[in-house]
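So the structure is just underneath, and the comments pick up after that.
In my numbering, the protein residues as written are 45 to 723.
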């Protein structure tokens, strides 16, 4: 949990933490100085505060002669307690701390000697990584990939809508032409109908008063059969057009070169590969998470009789382990690893209580960091492979969909072709029969008229027949034009319905573009803020502390090619630049050439930069400071005064001579010694 602190003292009570059996103190807001010589448990007291606030650092240790300890923080009516237990050679913390944002605290608020940011400066490490660590760039990149895919899909839909918009004017033009054509056809139909009626009136004038019934029947039947002939011609033309369209479809359908079985097999293979990579990434992430620090790794491996080399060997990954104390495979004797670590000048290991050399501890930490970086690079490489597999899978699925659509279209076109062939044969047979019937009826009508002596003028009769044919043809043309017009109007209506989604899709695309830009900007803006904050702060601090021979220190944000796994990619780096001033003017210098005091100040300013930019004070405005004895007393006092402006509580462990300077310089500083009496 996390909450804002209120004005009031921090009441701290510790049992069996570090070298402390029991201690308690009330720390008021502002600066509190824990004064004492080395080995007076000042650092242990800071570790206890770290535990209660929310640290997960392996620096927090138990007394060597006990298996359980406790750290309690009381603030007003709230109490936060964490228990530390040793079991099976490992140390575990339980309970509810003040905040669960342990990474931010351990990086930027708890500035003890082994603080990761300070150690990065000491070892000339990766500044960008340690300052950007709280930003989950892997998660952001995965989200960006998803957003880009959604954006591409929407843009494809919008492109389709653009094609629809381009089709509509052409369809509207066709509609206008058809409407004009229909008007002309209807005018023609009326004219033909009028001519037909005129001819029929002439028939009446030339015929007898009452036409024989047989002649009238034959005339009606002939008219009906002529209509049937024209109808069959129209249907036959339609079927031939449909047949041609089906043949054109068969010729135009494009199937992927690969067979369906091959595509399905490739899809299954890629899905299996994608799952394998996902499992491998999860396994490596889990392994990386378990190795929380070099010291923790050493302690865990000491108990399990397993080397890091063996642990990594269990994974299907390509990682070159750096040489160091952790890469030796032990024979199973519990003292093997410890024996490796205890040669030379010895100190008490905070992780396991063994006597180890300072150089070896540093080597362990260095080696862990390299291993951790190797894990991270391997994860990045696997995620790149995974993305490539996703792209291949998408392409195969697209080809498979294309293949299936082509198969359906081929089947439909073949069915249409067969149907039209059958119908054409039927209509051709019926048309021939109808034509024969018309010929027979014409012969019969001619004979009947002769018999009845009522036949109109031959020319008049021929003209009437031609007019009837024209009228039928015109009626057929009108129906065809009306059908085409209905189809076009239906198509236009469908396209306009589809276009109603354009505004919604455009808004969605704009939202995705904004979100993609926001995620990009979040990383880039954070990088810029970190660079600007450090450069401004280091300028102020260097001037405040009076490092006369340092002209300037600044971070420059650059893009460089960096090897990630088996590939090289462009990444952002933070390049630390140093310019000194000497007797011959200014000149560039390297970080390793800075004095111990200058490096320490630089590391603390980098940590303060992270504290400010990542808003750590909003989570927990407590800052802890230790191991600054390499800086002279006056500068320590000025540095603490500067840092105190950024946090509500600043607790510093100092030597007596440094404490006195702080006490003299800062009127509101609280000076205390830690009482570690036995309960």
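All residues carry an ideal CB built from backbone N, CA and C; glycine is no exception.
Secondary structure of residue 693 (DSSP, three-state): strand. A direct Cα-Cα distance of roughly 15 Å separates residue 676 from residue 686.
Boundaries of the beta strand (DSSP E) around residue 60: 54 to 61. Around residue 461, the same chain offers 287, 290, 291 and 294 as residues with beta carbons nearer than 8 Å, after the five sequence neighbours per side are excluded. By the beta-carbon neighbour count (other beta carbons within 10 angstroms, threshold 16), residue 443 is buried.
Note on residue 307: 16 or more other CB atoms within 10 angstroms of its CB, so buried under the neighbour-count rule. In terms of Cβ geometry, residue 682 and residue 589 form a close pair [threshold 8 Å]. Separation of residue 485 and residue 452 (C-alpha to C-alpha, rounded to the nearest whole angstrom) is 48 Å. Distance from the CA of residue 715 to the CA of residue 169, rounded to the nearest whole angstrom, comes to 35 Å.
Taking a C-beta distance under 8 Å as the contact criterion, residue 62 and residue 91 qualify as a contact pair. Beta-bridge partners assigned by DSSP to residue 631: 624. A Cβ-Cβ distance of about 13 Å is found for the pair residue 88 and residue 717, leaving them out of contact under the 8 Å criterion. Residue pairing for residue 138: DSSP places it in a beta bridge opposite 127. Beta-bridge partners assigned by DSSP to residue 604: 615. Take the alpha-carbon of residue 215 and the one of residue 524: they are about 17 Å apart. For residue 90, the secondary structure class from DSSP, reduced to helix, strand or coil, is helix.
DSSP, reduced to helix, strand and coil, places residue 674 outside both helices and strands of the structure shown, so it counts as coil. Of the residues 59, 326, 76 and 309, the one whose Cα lies closest to the Cα of residue 68 is 59. Excluding the 5 residues flanking it on each side, residue 579 has same chain C-beta neighbours closer than 8 Å at 598 and 599, in chain order. Listed in chain order, the non-local C-beta contacts of residue 70 below 8 Å within the same chain comprise 53, 54, 55 and 56, local neighbours out to five positions each way being set aside. The C-beta distance from residue 653 to residue 151 rounds to 11 Å, too long to fall under 8 Å, and the pair is not in contact.
Straight through space, the alpha carbons of residue 583 and residue 105 are spaced by roughly 37 Å. Taking all protein chains shown into account, residue 602 has fewer than 16 neighbouring C-beta atoms within 10 Å of its C-beta and is therefore exposed. When the Cα atoms are used, residue 533 and residue 231 turn out to be separated by approximately 23 Å.
Of the candidates 542, 263, 549 and 459, 263 places its Cα closest to the Cα of residue 492.
Annotated three-state conformation of residue 331 is helix, per DSSP. Distances from the alpha-carbon of residue 76 to those of 694, 478 and 708 put 694 closest. The DSSP-derived three-state label of residue 105 is coil. Apart from the 5 residues on each side of it in sequence, residue 107 sits with its Cβ closer than 6 Å to the Cβ of 60 in its chain, given in chain order. In this structure, the straight-line span from the alpha carbon of residue 281 to that of residue 457 is close to 18 Å.
Residue 102 sits buried, since 16 or more C-beta atoms from the chains shown fall within 10 Å of its C-beta. With a cut-off of 8 Å on Cβ pairs, the stretch 651 to 671 is not in contact with the stretch 629 to 638, counting fewer than three such pairs. When the Cα atoms are used, residue 650 and residue 575 turn out to be separated by approximately 10 Å.
In the structure shown, residue 179 falls within a coil segment according to DSSP collapsed to helix, strand and coil. Between residue 128 and residue 135, the gap from beta carbon to beta carbon is short of 8 Å.
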